[in-house]
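Trainee:
Residue numbers (the numbering used here): 402 to 599.
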């Protein structure tokens with residue numbers, strides 16, 4: 402978790418929405434805390450912070466805020482950039498709270514994350530990975546993609562599908578991608594180097 406990247410990304414968001422509040426484990430001025438045990442509600446949604454632990458001295462990716470959002474029917478686990486060490490520590494303490502309909506794939510699908518144990522404990526229906534196309538790290542990793550697929554998850558990744566939109570309703574949830582809207586054209590078919598970081 403590069404703090405400078407986060408800070409740079411927050412500036413335009415807060416300029417556009419100056420009344421927005423931010424939850425983070427960073428302890429910055431005007432940030433609300435995001436540590437294990439924090440709970441809040443917003444527009445009928447229940448938010449539960451699962452990681453990091455209060456008072457944690459972890460740095461980098463393993464200090465990412467992990468939040469489960471639940472509407473009473475469906476849920477999504479937002480994992481930030483946690484890696485195996487944080488995944489295992491979180492699972493050893495709170496595994497009952499991890500089951501979710503959807504998971505935002507940790508650390509863009511890097512092979513440092515999405516341990517088989519996490520994938521099994523979440524027991525979700527779909528995995529959503531965000532990464533840039535042709536990224537230098539070749540994320541998401543082929544091994545990570547296979548780990549999710551072998552557990553029965555539907556796989557969605559921005560390098561191949563573009564913007565991913567999840568729509569929740571009384572009937573359940575649906576996932577749409579920008580590529581679905583433009584796929585009929587032959588020139589939008591997949592081409593280029595395969596994506597894999599090992």
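Just so it is clear, CB atoms sit at the ideal spot from N, CA and C, and this is done for glycine as well.
Going by the DSSP bridge assignment, what does residue 521 pair with across the sheet?
Mentor: Residue mapping note: residue 521 aligns to position 120 of the chain shown, counting from 1. None; residue 521 has no bridge partner.
Trainee: Take residue 579 as the anchor and find which of 557, 435, 424 has the nearest alpha-carbon.
Mentor: Indexing the chain shown from 1 puts residue 579 at position 178. It is 557.
Trainee: Taking 7 Å as the limit between beta carbons, can you name the residues of its chain near residue 531, skipping five residues before and five after?
Mentor: Within the chain shown, numbered from 1, the residue matching residue 531 stands at position 130. The residues are 509, 559.
Trainee: Roughly how many angstroms separate the alpha carbons of residue 534 and residue 515, rounded to a whole number?
Mentor: Residue 534 sits at position 133 when you count from the first residue of the chain shown. Residue 515 sits at position 114 when you count from the first residue of the chain shown. Each residue's Cα considered, the two are about 20 Å apart.
Trainee: At the level of alpha carbons, what is the spacing between residue 563 and residue 413?
Mentor: What you label residue 563 is simply residue 162 of the chain shown in a count that begins at 1. What you label residue 413 is simply residue 12 of the chain shown in a count that begins at 1. Residue 563 and residue 413: Cα-Cα distance of roughly 22 Å.
Trainee: Where do the ends of the beta strand (DSSP E) carrying residue 469 lie?
Mentor: Translated into positions along the chain shown, residue 469 becomes position 68. Its beta strand (DSSP E) spans residues 467-471.
Trainee: How big is the Cα-Cα spacing for residue 474 and residue 498?
Mentor: Working through the chain shown from its first residue, we reach residue 474 at position 73. Working through the chain shown from its first residue, we reach residue 498 at position 97. Each residue's alpha carbon lies about 15 Å from the other.
Trainee: Work out the CA separation of residue 528 and residue 555 for me, nearest whole Å.
Mentor: Position 154 of the chain shown, counted from the start, is the residue given in the question as residue 555. Position 127 of the chain shown, counted from the start, is the residue given in the question as residue 528. Their Cα atoms are separated by approximately 6 Å.
Trainee: So is residue 568 buried or exposed if we call it buried at 16+ other beta carbons inside 10 Å?
Mentor: Locating residue 568 in the chain shown gives position 167, counting from the first residue. Per the 10 Å Cβ criterion, exposed.
Trainee: Buried or exposed, going by whether 16 or more other CB atoms sit within 10 Å of the CB of residue 570?
Mentor: Here residue 570 refers to the residue found at position 169 of the chain shown. Per the 10 Å Cβ criterion, exposed.
Trainee: Relative to the alpha-carbon of residue 437, which residue among 502, 465, 472, 537 has its alpha-carbon at the smallest distance?
Mentor: Here residue 437 refers to the residue found at position 36 of the chain shown. Comparing Cα-Cα distances from residue 437 to each of 502, 465, 472, 537, the minimum goes to 465.
Trainee: Alpha carbon to alpha carbon, how far is residue 565 from residue 506?
Mentor: Counting from 1 along the chain shown, the entry for residue 565 is found at position 164. Counting from 1 along the chain shown, the entry for residue 506 is found at position 105. Distance between the alpha carbons of residue 565 and residue 506 is about 13 Å.
Trainee: For residue 408, is the classification buried or exposed, using 16 other Cβ atoms within 10 angstroms of its Cβ as the cut-off for buried?
Mentor: For the purposes of this step, residue 408 is taken as the residue at position 7 of the chain shown. Residue 408 should be labelled exposed.
Trainee: Is there contact here, the segment 445-461 with the segment 479-492, by at least three beta-carbon pairs under 8 Å?
Mentor: Yes, they touch.
Trainee: Give a yes or no on whether the C-beta atoms belonging to residue 511 and residue 538 are separated by under 8 Å.
Mentor: Along the chain shown, one-based indexing puts residue 511 at 110. Along the chain shown, one-based indexing puts residue 538 at 137. Cβ atoms of residue 511 and residue 538: closer than 8 Å.
Trainee: Can you name the residues that DSSP bridges to residue 573?
Mentor: As a first step, residue 573 must be located in the chain shown, where it is residue number 172. DSSP, once it has assigned bridges, lists 570 as partnering residue 573.
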